[in-house]
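Peer 1:
Numbering (the UniProt record's numbering), first residue to last: 1 to 241.
1. Does the Cβ of residue 58 have 16 or more other Cβ atoms within 10 Å, making it buried, or fewer, making it exposed?
2. Measuring straight from C-alpha to C-alpha, what distance separates residue 119 and residue 27?
3. Could you check if residue 76 is buried or exposed, using at least 16 other CB atoms within 10 Å of its CB as the buried criterion?
4. Give me, in chain order, the residues of the same chain whose beta-carbon lies closer than 8 Å to that of residue 36; leave out the 5 immediate sequence neighbours on both sides.
5. Determine the contact status of residue 191 and residue 223, defining contact as a CB-CB distance below 7 Å.
6. Between residue 185 and residue 122, which are expected to be in contact by the criterion C-beta below 8 Å, what is the C-beta distance as a whole number of angstroms?
7. If contact is defined by three or more beta carbon pairs under 8 Å, each pair taking one atom from either stretch, is the region 98–108 in contact with the region 152–168?
8. Which runs of the alpha helix (DSSP H) fall wholly inside the region 34–61 and span at least 4 residues, in chain order?
9. To the nearest angstrom, how far is it from the Cα of residue 174 to the Cα of residue 183?
10. Considering only the alpha carbon of each residue, which of 81, 48, 8 and 62 lies closest to residue 29?
11. Alpha carbon to alpha carbon, what distance is there between residue 86 and residue 52?
12. Here's the rule: buried if 16 or more other CB atoms are within 10 angstroms of the residue's CB, otherwise exposed. What is residue 124?
13. By a C-beta neighbour count over all protein chains shown, 10 Å radius and 16 as the cutoff for buried, is residue 134 buried or exposed?
14. With distances taken from CA atoms, which of 79, 91 and 42 is nearest residue 69?
15. For the alpha helix (DSSP H) containing residue 99, list its first residue and its last residue.
16. How far does the alpha helix (DSSP H) with residue 123 in it reach, from first residue to last?
17. DSSP on residue 136, reduced to helix/strand/coil?
18. Residue range of the alpha helix (DSSP H) that residue 245 falls in?
19. For residue 132, I'd like the list of residues in its chain whose CB is within less than 8 Å of its CB, leaving aside the five on either flank, ordered along the chain.
20. With 16 other CB atoms within 10 Å as the buried threshold, where does residue 204 fall?
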């Protein structure tokens, strides 16, 4: 089973320290031990936002800000690499071909950002499409996809499952609301729609939730189900029996 796990920077590194990074690394290593081929994509989180805010105040343009954010995602990626075992590529992949080659050789590959104007949400979706992954998991700081920003709207509805087309519609609606926060960005949603990629959006602040989702399909997040494949997946890493 090939799986791509996209971990938000605020999920992996909520504050400077090693504990959460080590916990996520242990999950990745356990999945590899189960026979999975794993690609990981790491976001920038709060650290990236702080650097970008400071650079904007200093007069940096948007491309320069994007490059700064990419640098931070790659630093976070290096933290995860440092916690992983010997069967991991020792530097963040620069592009999808490099990451795909590593996965084909049975190695764990970790990526940060790759290009300006593209979030790591989109990088995760593009990597999953490139390697023809069986599953894409977004480990976010919220429990799934909602009709509105749950941090701002008390009666926001959480979706247990969506088609990829419905996901695009929901995310587009969120992005049109000023200040709304979407767990997956619109470009990522459109890549998921195009590729027909089975996707789970879940709260990854407890890394064990990622492991259960990949092993058994057991999660409390949002299941994005490609059209025409049926509701029940057939390729979880393990069977609960």
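Backbone N, C-alpha and C fix where the C-beta goes; we use that ideal spot for every residue, glycine too.
Peer 2: Judging by the given coordinates:
1. exposed
2. 24 Å
3. buried
4. 1, 2, 3, 214 and 237
5. no
6. 6 Å
7. no
8. 45–57
9. 10 Å
10. 81
11. 33 Å
12. buried
13. buried
14. 42
15. 96–104
16. 120–130
17. strand
18. This structure cannot settle anything about residue 245, because the visible part of the chain is limited to 1 through 241.
19. 2
20. buried
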